[in-house]
Amino acid sequence: MSSRPSAKVPSDPGRLPMTLPLLMEKKRLGEPIVMVTAYDYPSARAAEAGGVDLVLVGDSAATTVLGYNATTPVDLDDMLVLARAVRRGLRTPLLIGDLPFGSYEVSDEQAITTAMRMVKEAGCEAVKLEGGGEASARRARAIVGAGIPVMGHVGLTPQTSTALGGWKAQGRTAAAASRIASEALALQEVGCFALVFEAIPSAVSEELMELVEIPVIGIGAGPSTDGQVLVFHDLLGIRDGLGPRFVKRYANLQQEMNDGVSAYAEDVRARRYPGPEHTYSIDPAELAELQERLAAR
Ligand code: KIV
17 MSSRPSAKVP
27 SDPGRLPMTL
37 PLLMEKKRLG
47 EPIVMVTAYD
57 YPSARAAEAG
67 GVDLVLVGDS
77 AATTVLGYNA
87 TTPVDLDDML
97 VLARAVRRGL
107 RTPLLIGDLP
117 FGSYEVSDEQ
127 AITTAMRMVK
137 EAGCEAVKLE
147 GGGEASARRA
157 RAIVGAGIPV
167 MGHVGLTPQT
177 STALGGWKAQ
187 GRTAAAASRI
197 ASEALALQEV
207 GCFALVFEAI
217 PSAVSEELME
227 LVEIPVIGIG
237 AGPSTDGQVL
247 VFHDLLGIRD
257 GLGPRFVKRY
267 ANLQQEMNDG
277 VSAYAEDVRA
287 RRYPGPEHTY
297 SIDPAELAEL
307 QERLAAR
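Numbering-wise, my numbering comes out as the position in the sequence shown, counting from 1, plus 16.
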């Protein structure tokens, strides 16, 4: 079983680990909650150093780090490998593991077993599942009943985006928005500790925020939610293209990586790398003896 590593990660030593009561307190005080995705040790270290509150090992890993064009192909074993690496890089943020498509829908038993593996094998402190329909709410209730905190996710739910008509904003009619409201309230009712609102109009979020009592983290849901989440690769520009409308890009690391690898390739081809400062030395007497031994072969 994994546990929080101690002092390996640079972070504010005075910062307390995030807990569910602290999260509720942040909502009560109106302090914005910061969440980001992470998929490996370096991204976890960046989240730790950046002082975020919540880290999600998102199934967006399918597209950001595994090269698929949808989130559905990623499976539980993939997620466990990624979540374990993230766990090793985190000390203070609460770690949430996304339940991948196909790992919780079949039965309550399947959902509990999957959630338990996220906790026992990867050290996640909570899990997230998508959708607030009857089946998703039932699975969330079962997992909460097994003692594992659950974050819900409504609006655009990428695992079922085909059924939603594509990767696009949701809740743009009164009927669709009131369906999202019912889903959010159902997830709250079964004991979810927080919700993600994804890709819904700001005005709809504002209305829903009047109804929901648990912390809500928005992505493409406007400024009224209790917090914001962005995908690590989107906010740092580790991708081709700009990404969805709601992404704000804080760096352009894909370009930096491309430039770095190109410069390295040019150096190798021009024999500028390695230089003397990158090489190891040997005592001249040892070298002379080596030359004698090789000559004698
Ligand atoms: O998988 C993911 O990255 C997510 C976030 C967008 C909330 O679900």
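Note that the Cβ used here is the ideal one computed from N, Cα and C, for glycine as well.
Closer than 6 Å by C-beta to residue i: which residues in its own chain qualify, once you throw out the five before and the five after it? Chain order, please.
i	result
Ala281	none
Gly253	Arg265, Ala267, Asn268, Leu269, Gln270
Arg157	Val206
What are the start and end residues of the beta strand (DSSP E) that includes residue i?
i	result
Ala167	The residue you asked about is not Ala; residue 167 is Met in the sequence shown. Here the beta strand (DSSP E) through Met167 covers 166-171.
Gly234	232-235
Ala301	From DSSP, Ala301 is part of no beta strand (DSSP E) but of the alpha helix (DSSP H) over 300-311.
Val212	210-214
One question on the structure: do residue i and residue j come within less than 8 Å of each other, judged by their Cβ atoms?
i	j	result
Gly66	Thr53	no
His169	Glu146	yes
Val232	Ala210	yes
Arg133	Leu106	no
Val50	Val68	yes
Ala99	Gly83	no
Leu110	Glu64	no
Ala185	Leu172	yes
Val71	Ala62	no
Roughly how far, in whole angstroms, is the beta-carbon of residue i from the beta-carbon of residue j, given that I think they are within contact range, below 8 Å?
i	j	result
Glu199	Gly148	2 Å
Leu337	Thr130	Because the chain is modelled from 17 through 313, residue 337 falls outside the range shown and cannot be assessed.
Met167	Lys144	4 Å
Pro89	Ala101	That belief does not hold up - the Cβ atoms of Pro89 and Ala101 are roughly 19 Å apart, past 8 Å.
Could you tell me the boundaries of the alpha helix (DSSP H) in which residue i lies?
i	result
Gln244	Not the alpha helix (DSSP H): Gln244 falls in the beta strand (DSSP E), residues 243-246.
Ala267	No alpha helix (DSSP H) contains Ala267, which DSSP labels as neither H nor E.
Val15	There is simply no residue 15 to check, as the chain begins at 17 and stops at 313 in what is shown.
Please go through the same chain and pick out, in chain order, the residues whose beta-carbon is closer than 8 Å to the beta-carbon of residue i, but skip the five residues on each side of it.
i	result
Gln307	none
Ala197	Glu223, Leu224, Leu227
Ala86	Ala78, Thr79, Pro174, Ser177
Could you pull out every residue in the same chain whose Cβ sits closer than 7 Å to the Cβ of residue i, ignoring the five residues on either side in sequence?
i	result
Leu36	Pro165, Phe209
Asp124	Arg154, Arg155, Ala158
Would you say residue i lies against chain D (beta-carbon separation less than 8 Å)?
i	result
Asn274	The structure shown has no chain D; it contains just one protein chain.
Start-end ranges of the beta strand (DSSP E) lying completely within the region 37-113, minimum 3 residues
49-53, 70-73
Can you list, in chain order, the stretches of the alpha helix (DSSP H) that have 4 or more residues and sit fully within the region 116-175?
124-138, 150-161
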